[in-house]
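A quick write-up on the structure given underneath.
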């Protein structure tokens, strides 16, 4: 290999190095700035292929997608000075890459720290002006929407990022107060339970007394109706018997004697001392009931 060829190869390598240092590519999901010796030359570079001065300009790329800020739980007080442990998260993205680079020097950890401070301060302001009932009720969505709007105006100016959404994952009582709160809640529930039981017993007594009254009324009406039916039956039976006996007095006398025999000799130990010729044995002595007298 002669000197001329070697020189040509070296020149080609230098040109390739310069060309590669002069080109850059920005993806659709990225935001970028062009720096010249550390100062911003161009901000918000468009996606695609671009050119820069090699060894003078430098391109810094940042994630332009929606990112998540997951903050640790913070102790926050409500307007009644009640402490709560609030666990929240936020969704954010870069909107002004120039302001973002100046505020954070291009470090995402710095951006996360600044955003976390702003979100924590905003939550304290929002919770500090509301009661516990308002915080845990359906007004929480409105609270988060107000917080997102107010924080976005600040973070766009200071950090160059937009807060897409701020949400509370969980609200708990601190460990040092949860025990007393749970004990108070338990005592309140026990008091309510005693009240409900007392009201239930009172209603049960009312229902039982009414049922006993209805039972007595139904039994009295049933007894009265049964007595009326029995009286009507007895009257009808007496009328039938009277009609039957009036038609054949001798048959009536015979039936009455049979009933007397039946009732007199129920047990083996029964004993009667009666004159055999008395009227009591008239049908035993004569089937036609003729008396010897």
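In UniProt numbering, the protein residues as written are 1 to 293. C-beta atoms are modelled at their ideal positions from N, C-alpha and C, and glycine is treated no differently.
Check, Outcome
"Is the beta carbon of residue 62 sitting closer than 8 Å to the one on residue 94?", "yes"
"Compute the Euclidean distance between the alpha carbons of residue 81 and residue 144, then round it to the nearest angstrom.", "20 Å"
"Using CA atoms only, rank isn't needed, just tell me which of 150, 237, 197 is closest to residue 163.", "150"
"Helix, strand or coil for residue 260, going by three-state DSSP, please let me know.", "helix"
"Across the segment 53-73 and the segment 26-35, are there enough close Cβ pairs to call them in contact, namely three or more that are closer than 8 Å?", "yes"
"Mind checking residue 88: buried by the 16 CB within 10 Å criterion, or exposed?", "buried"
"Under a three-way DSSP split, which group does residue 159 fall into?", "coil"
"Would you call the CB atoms of residue 71 and residue 125 closer than 8 Å?", "no"
"Leaving aside the five residues before and after residue 146 along the sequence, list all residues of the same chain whose C-beta is less than 8 Å from its C-beta, in chain order.", "126"
"Can you tell me the Cα-Cα spacing of residue 208 and residue 221, whole angstroms?", "20 Å"
"Please classify residue 159 as buried or exposed, where buried requires at least 16 neighbouring CB atoms within 10 angstroms.", "buried"
"Verify whether the separation of the beta carbon atoms of residue 129 and residue 79 is less than 8 Å.", "yes"
"With a cut-off of 8 Å on the beta carbons, I'd call residue 115 and residue 161 a contact; round off their distance for me.", "7 Å"
"Just grab the DSSP bridge partners of residue 61 for me.", "32"
"Taking C-alpha atoms, which residue in 135, 22, 186, 45 lies nearest to residue 29?", "45"
"What would DSSP say about residue 78, mapped onto helix, strand or coil?", "coil"
"Runs of 4 residues minimum, wholly inside the segment 97-143: which ones carry the alpha helix (DSSP H) assignment?", "97-104, 108-128, 132-136"
"Curious, which full-length alpha helix (DSSP H) runs of at least 4 residues does the segment 203-258 contain?", "none"
"Kindly indicate which three-state DSSP category residue 191 falls into: helix, strand or coil?", "helix"
"Can you check whether the CB of residue 112 is closer than 8 Å to the CB of residue 69?", "yes"
"How long is the line joining the alpha carbons of residue 5 and residue 103, rounded to whole angstroms?", "51 Å"
"Would you decide whether residue 76 is buried or exposed? Buried here means 16 or more other CB atoms lie within 10 Å of its CB.", "buried"
"Can you tell me whether residue 135 is buried or exposed? The criterion is at least 16 other CB atoms within 10 Å of its CB, across all chains shown.", "buried"
"Please report the straight-line C-alpha distance between residue 293 and residue 234, rounded to a whole angstrom.", "The predicted position of residue 293 is uncertain, since its pLDDT is 47 and thus under 50; no value can be drawn from it."
"To the nearest angstrom, how far is the alpha carbon of residue 173 from that of residue 117?", "22 Å"
"Going by DSSP, name the residue or residues bridged to residue 88.", "168"
"With residue 48 as the anchor, note down where its beta strand (DSSP E) starts and where it stops.", "48-51"
"Taking residue 156 as the reference, give the member of 225, 92, 171 with the closest Cα.", "92"
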